[in-house]
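J.:
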Amino acid sequence: MKKTKQAIKNFPTLVFALAINFFSFIRLAKAEQCDGTDSTILCNPLESESFTSLMESISQLAVEIGIPIAALFIIYSGLKLVTARGNEEAIKKAKEGLLWAIIGSGILIGAWTIMKILQSAVESLG
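Using our numbering, you'd call the opening residue of the sequence shown number -4 and step up by one each time.
As structure tokens, then:
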């Protein structure tokens, strides 16, 4: 019983450590040569050539980072719900955490959807 309580107490730290290890998307800088021989040419540090492709890159990064984090929070809230063991206050907190995790996931997916709609509208204009 004591080990179970200790494991539950250390669970947030474990989740954070796993999130750092598994969901760290480190973008490496690309040190490429620019086309041309003129020394005044500036290289574009972004892979995007247009505003719509920049929007897509930013939203893709947000989704790549946000979805795993949202999944971790949903799993954590579910674990808290299971370990509440009839304690009404703990069940209430777990349900509230689950609700906010789902709301955050919805906001993330909604923002991505709005970005895709705006991207198609901008591309159709020009």
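C-beta: ideal position from N, C-alpha, C; glycine also.
Which class does Asn5 belong to by DSSP, given the choice of helix, strand or coil?
T.: helix
J.: Helix or strand or just coil, what does DSSP make of Gly105?
T.: In the structure shown, Gly105 adopts helical secondary structure according to DSSP, grouped into three states.
J.: Spatial neighbours of Leu49 within its chain, please: C-beta separation below 8 Å, excluding the five flanking residues on both sides.
T.: Leu41, Ser43
J.: Looking only at C-alpha atoms, which of Ile69, Ile60, Ser54 sits nearest to Pro7?
T.: Closest by alpha carbon: Ile69.
J.: With H, G and I counted as helix, E and B as strand and the rest as coil, what does DSSP make of Ala12?
T.: helix
J.: Please determine, among Ile60, Leu113, Lys87, the residue with the shortest C-alpha to C-alpha distance to Gly99.
T.: Ile60
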